[in-house]
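J.: Here the sequence shown is numbered in numbering that gives the first Met the number 0, starting from 0 and rising by one per residue.
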Amino acid sequence: MTMRRRPTTPPHPKPATADFQLVPRAQAIETVFHIGGYALCATVVLCCLSCSQDSGQTPGEQTQLVTTDRVAAASPEEQASAQLSPQQSAVSDVTPHPEAKDGLSTRGSGTKEPVPEGPTKDGAQSAARITTSTDKEWIETMHRVMNPANDGWDTELFAEHAGKQLKHLGAFLMRDDPPSQDGLSGLLTTGFSCTPLRPAEREEVFADRSVTVERAQHLAQARVHVGVEGLASALEELTADLYGASDRRFKFKVIRVKPADQHVDTVVLFELSGRIASGAIQRSATWKCRWEPPAPDGEPRLLSIILDDYEEVVVRSTSQALFSDCTESIFRDIPAYDEQFRRGIDFWRARLENYLGIYYDGLRGMAICDVNGDGLEDVYLCEPGGLPNRLFVQLPDGLLRDVSAESGIDLFESTRTALFVDLDNDGDQDMVTPIEKQVQFFSNDGTGHFTREAKLPFEGQTALSLAAADYDQDGNIDVYACFYHGQDEEESNRTPAPLPYHDARSGGYNHLLRNEGNWSFRDVTDDVGLDDNNDRWSFASVWDDYDNDGDLDLYVANDFGRNNLYRYDGGTFTDVAGPAGAEDMNFGMSAAFGDYNRDGWMDIYVSNMFSSAGGRISFQPGFQTDGTDEAIAAFQRMSAGNTLLRNAGDGTFRNVSSKARVGVGRWAWGSIFADVNNDGWEDIVVANGLATGDLPGDL
Ligand SMILES: [Ca+2]
Ligand SMILES: [Ca+2]
Ligand SMILES: [Ca+2]
Ligand SMILES: [Ca+2]
């Protein structure tokens, strides 16, 4: 959503290992990767403000289960029908509004078919169709559909129970003394055995002034710990140095389930972290857990745990984290912080009309900019309709001053995003923002006072994001606007989700607005070839020169399918994403360019969704029994998470996400490359999560 300049770092020989590690999250930091030489973290203010606006109660995993389940449910005929004409389709499926993806939207309404009860003929899939006329019915229907027992997904029921058992296990990781053997016995079979859960031999793969990363791979499979006593011992090895730690957290994610005759195998992602006096520790691992199937009304019990992959990150910092949350301290003198932002979206949804554009999902952007030219970065926050956008200027002491009212950009219209760039070449940062089915342009007088200079209307739609660049190199910065919805947004909320899910072409039409000078902007989309493949659900775009020919090219991240890579040559754009291997068929949320391996070629990191439920279901034999291998592979791919595309330098990209260990970015929205520790290597910062309620750990 912002224009990025090419790094000044000269090309550098490719390192022996250009490899990322997950480093501990600080408070308000979710996912941080660092690469063979650098650590990275998230912008604390952004994360916190985002959280403060999102206060729903919907953990992402459940919603992903629903959406994937529904994918499984739709027959090819239904998919074709919905793809061709969603509005005319005879059925409405259960998938919530695509933008929401969360399944508990109260905005949805549907048509008139009941939800099938029980397994369908193949025992694994059901056509999940719903009828709703009220919000209450909608929610009740969603609860029925979200229950895997209703459509034969026994493996999902098993995963749910296994997850509960793992949570019980996790409770022992929160204690300050060795686990009691009595407490553990209910989780295990009598013949239980496991490998060490914290390997004694670990290889240091990264170290700098504040962070050390160790890994153990190719692990010995000897299950040296036996029985309850053995597990207690393995857990003690894993947790002893975290006794007394603050902010201790654990997380288990069951990402695969494979039933057999006498047991059920699962693959589980495990994470444990906490702050200790000398800093912080985070342990991430993959466990292969084998279970004894539960007796009726019983819970599954562990037969064995084999450690498959292990990573340990130690932060040495007096603040016990790489970044600390400074939001409250810098906003302490700002009444709007308490009065407007900390109340949360639920508070405001109860007081403002829906038509103003206030939805539970947030999806509000912010901008960092220097509006008054004093060299200090300022903050602009976009808000739903009915609440003013806010501009805070930074003071020399680091605190903020609320200048919204006098800035002229305290807009009350629903605002998704704003971009601050110098549109009139007078040296100050002007603003462009899409509001009210228009893109509006504001000039800055150099002191942070803005005047609306132009607005371009767009029928029925409001753009979701903007990216600016002087694509034609005439000295004026131009703007590319992504339009997510293929129809009126309100109407879109009431119609089925895009199908086919992995390759929908019913999205919005994006526009390139050429800056012709004097605040005149012309829509040149069709003139320059950007009408090609311009029908997807575009979330965000980013400019850079991926082919090193001196002009800027455009990458567009699309929900529900393929992304675009528009190569610019001689005045026209060509979508080369397919032949370049850059389509990344997935739930694209955003993309960033960066040369992570310093070979002089810009690589791409795409934010997608990582879905445990999607991974569990899409690898089952019962998934999409009438689907093609290609479609099934696409669905499996769509649950895999974020994508790092290495630029091969020959016009093509390679997906190196797994090797670089940067795929599991959870429910990722915006990601950026940033050299967090100033060592010359680009790190990756991922902002992720969905609606957050009382349990921030669900992020
Ligand atoms: Ca300007
Ligand atoms: Ca231009
Ligand atoms: Ca280029
Ligand atoms: Ca590169």
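From the three backbone atoms N, C-alpha and C, an ideal C-beta is built for every residue, glycine too.
(1) Quick check: does the Cβ of residue 546 come within less than 7 Å of any heavy atom belonging to ligand 3?
(2) In terms of residue numbering, what span does the beta strand (DSSP E) encompassing residue 289 cover?
(3) Quick check on DSSP: helix, strand or coil for residue 144?
(4) What first and last residue would you give for the beta strand (DSSP E) that runs through residue 204?
(5) Helix, strand or coil: how does DSSP classify residue 681 here?
(6) Below 8 Å, can you find three or more Cβ-Cβ pairs linking the region 319-329 to the region 293-308?
(7) Which whole-angstrom value is the C-beta distance of residue 606 and residue 668, which I expect to be below 8 Å?
(8) Just mark residue 425 as buried or exposed, buried being the case when its beta carbon has 16 or more other beta carbons within 10 Å.
(9) With residue 387 and residue 406 assumed to form a contact (beta carbons below 8 Å), what rounded beta-carbon distance in angstroms separates them?
(10) So what does DSSP say about residue 496, is it helix, strand or coil?
(11) Starting from residue 348, trace the alpha helix (DSSP H) in both directions and tell me its first and last residue.
(12) So for residue 164, helix, strand or coil by DSSP?
(13) Would residue 183 and residue 212 qualify as a contact pair, given that the criterion is a beta-carbon distance under 8 Å?
(14) Ordered along the chain, which non-local residues of its own chain (more than five positions away) have a Cβ less than 6 Å from that of residue 633?
(15) Starting from the Cα of residue 513, find the closest Cα among 476, 536, 546 and 525 and give me that residue.
(16) What are the boundary residues of the alpha helix (DSSP H) that includes residue 322?
(17) Short check: CB of residue 275 to CB of residue 241, under 8 Å?
(18) Can you tell me whether residue 354 is buried or exposed? The criterion is at least 16 other CB atoms within 10 Å of its CB, across all chains shown.
(19) What does the Cβ neighbour count give for residue 375, buried or exposed, with the cut at 16 atoms within 10 Å?
(20) Do three or more CB pairs link the region 289-298 to the region 325-340 at distances below 8 Å?
(21) Could you check if residue 181 is buried or exposed, using at least 16 other CB atoms within 10 Å of its CB as the buried criterion?
(22) Taking Cβ positions, are residue 480 and residue 438 nearer each other than 8 Å?
(23) Are residue 542 and residue 553 closer than 8 Å when you measure CB to CB?
(24) Would you mind giving the Cβ-Cβ distance between residue 282 and residue 237, rounded to the nearest angstrom? I have them listed as a contact below 8 Å.
(25) Below 8 Å on the Cβ atoms is my guess for residue 460 versus residue 507; work out the distance and round it to an integer in Å.
(26) Among all residues, which have a Cβ less than 7 Å from at least one non-hydrogen atom of ligand 2, and in what chain order do they fall?
(27) With DSSP as the reference, label residue 8 as helix, strand or coil.
(28) Quick one: what's residue 213 bridged to in DSSP?
(29) Does the beta-carbon of residue 709, which I'm using as the reference point, lie nearer than 7 Å to any heavy atom of ligand 3?
(30) Can you tell me whether residue 551 sits near ligand 3, meaning its C-beta is under 7 Å from at least one heavy atom of the ligand?
(31) At 4 residues or longer, and completely inside the region 510-584: list those alpha helix (DSSP H) runs for me, N to C.
(32) Given 7 Å as the limit, tell me if residue 653 has its C-beta closer than that to any heavy atom belonging to ligand 4.
(33) Is the region 577-591 touching the region 647-655 in the sense that three or more CB pairs, one from each, lie closer than 8 Å?
(34) For residue 467, which residues of its own chain have a beta-carbon under 6 Å away from its beta-carbon, when the five flanking residues on both sides are left out?
(35) With respect to 7 Å, is the separation between the Cβ of residue 443 and the closest non-hydrogen atom of ligand 1 below this value?
(36) Apart from the five residues just before and just after residue 330, which ones in its own chain have a Cβ nearer than 7 Å to its Cβ?
T.: From the atom records:
(1) The sequence position of residue 546 within the sequence shown is 547, counting from 1. Correct: residue 546 has its Cβ closer than 7 Å to ligand 3.
(2) The residue labelled residue 289 in the question sits at position 290 within the sequence shown. Note, residue 289: beta strand (DSSP E), 278-291.
(3) Walking along the sequence shown from the start, residue 144 turns up at place 145. In this structure, residue 144 counts as helix in the three-state DSSP scheme.
(4) As a first step, residue 204 must be located in the sequence shown, where it is residue number 205. Segment 202-206, the beta strand (DSSP E) holding residue 204.
(5) In the sequence shown, the residue the question calls residue 681 occupies position 682. Note: residue 681 maps to coil in three-state DSSP.
(6) No, they do not touch.
(7) Position 607 of the sequence shown, counted from the start, is the residue given in the question as residue 606. Position 669 of the sequence shown, counted from the start, is the residue given in the question as residue 668. So it is a contact: roughly 6 Å between Cβ atoms.
(8) For the purposes of this step, residue 425 is taken as residue 426 along the sequence shown, with counting starting at 1. Per the 10 Å Cβ criterion, exposed.
(9) The sequence position of residue 387 within the sequence shown is 388, counting from 1. The sequence position of residue 406 within the sequence shown is 407, counting from 1. Not a contact, Cβ separation roughly 10 Å.
(10) Position 497 of the sequence shown holds residue 496. Coil.
(11) As a first step, residue 348 must be located in the sequence shown, where it is residue number 349. 343-348 is the extent of the alpha helix (DSSP H) around residue 348.
(12) Stepping through the sequence shown from its first residue, residue 164 is reached at position 165. Helix.
(13) In the sequence shown, counting from the first residue as 1, residue 183 sits at position 184. In the sequence shown, counting from the first residue as 1, residue 212 sits at position 213. The beta carbons of residue 183 and residue 212 sit no closer together than 8 Å.
(14) Here residue 633 is taken as the residue at index 634 of the sequence shown, counted from 1. Only 501 and 584 meet the Cβ criterion.
(15) Counting from one through the sequence shown, the residue named residue 513 turns up at place 514. Of the listed residues, the one whose Cα sits closest to residue 513 is 476.
(16) The residue labelled residue 322 in the question sits at position 323 within the sequence shown. Run containing residue 322: none; DSSP gives neither H nor E here.
(17) Within the sequence shown, numbered from 1, the residue matching residue 275 stands at position 276. Within the sequence shown, numbered from 1, the residue matching residue 241 stands at position 242. Yes.
(18) Position 355 of the sequence shown holds residue 354. When all chains shown are included, residue 354 counts as exposed.
(19) Here the question's residue 375 lines up with position 376 in the sequence shown. Looking at its Cβ environment, which holds fewer than 16 other Cβ atoms inside 10 Å, residue 375 is exposed.
(20) Touching, no.
(21) Position 182 of the sequence shown, counted from the first residue, corresponds to residue 181. Flag for residue 181 reads exposed.
(22) In the sequence shown, residue 480 corresponds to position 481, counting from 1. In the sequence shown, residue 438 corresponds to position 439, counting from 1. Taking 8 Å as the Cβ cut-off, residue 480 and residue 438 qualify as a contacting pair.
(23) To locate residue 542, count along the sequence shown from 1; it is residue 543. To locate residue 553, count along the sequence shown from 1; it is residue 554. It is a contact, given that the beta carbons lie within the stated cut-off.
(24) Here the question's residue 282 lines up with position 283 in the sequence shown. Here the question's residue 237 lines up with position 238 in the sequence shown. Between residue 237 and residue 282 the Cβ distance is about 7 Å, and since that is below 8 Å, they are a contact.
(25) Walking along the sequence shown from the start, residue 460 turns up at place 461. Walking along the sequence shown from the start, residue 507 turns up at place 508. Indeed, because the Cβ distance is near 6 Å, the residues count as touching under 8 Å.
(26) In chain order, the hits are 469, 470, 471, 472, 473, 474, 475, 476, 477, 513 and 514.
(27) Against the sequence shown, residue 8 aligns to sequence position 9. The predicted model places residue 8 with a pLDDT of 35, which falls under 50 and marks its position as unreliable, so this point remains unresolved.
(28) The residue given as residue 213 occupies position 214 in the sequence shown. For residue 213, which the question treats as bridged, DSSP gives the partners 203 and 311.
(29) The structure shown does not extend to residue 709, since the chain is modelled only from 0 through 698, so no value can be given for it.
(30) Reading the sequence shown from its first residue, position 552 is the one you call residue 551. Answer for residue 551: yes, Cβ within range of ligand 3.
(31) DSSP runs (the alpha helix (DSSP H)) wholly in the region 510-584: 576-579.
(32) Start at 1 with the first residue of the sequence shown, and residue 653 comes out as number 654. Incorrect: residue 653 has no Cβ contact closer than 7 Å to ligand 4.
(33) Contact holds: three or more Cβ-Cβ distances are below 8 Å.
(34) Here residue 467 is taken as the residue at index 468 of the sequence shown, counted from 1. Counting only Cβ-Cβ distances below 6 Å, and skipping sequence neighbours, we find 2, 418, 420, 476 and 478.
(35) Taking the first residue of the sequence shown as position 1, residue 443 is located at position 444. Yes, the Cβ of residue 443 comes within 7 Å of a heavy atom of ligand 1.
(36) In the sequence shown, residue 330 corresponds to position 331, counting from 1. Answer for residue 330: 336 and 399, listed in chain order.
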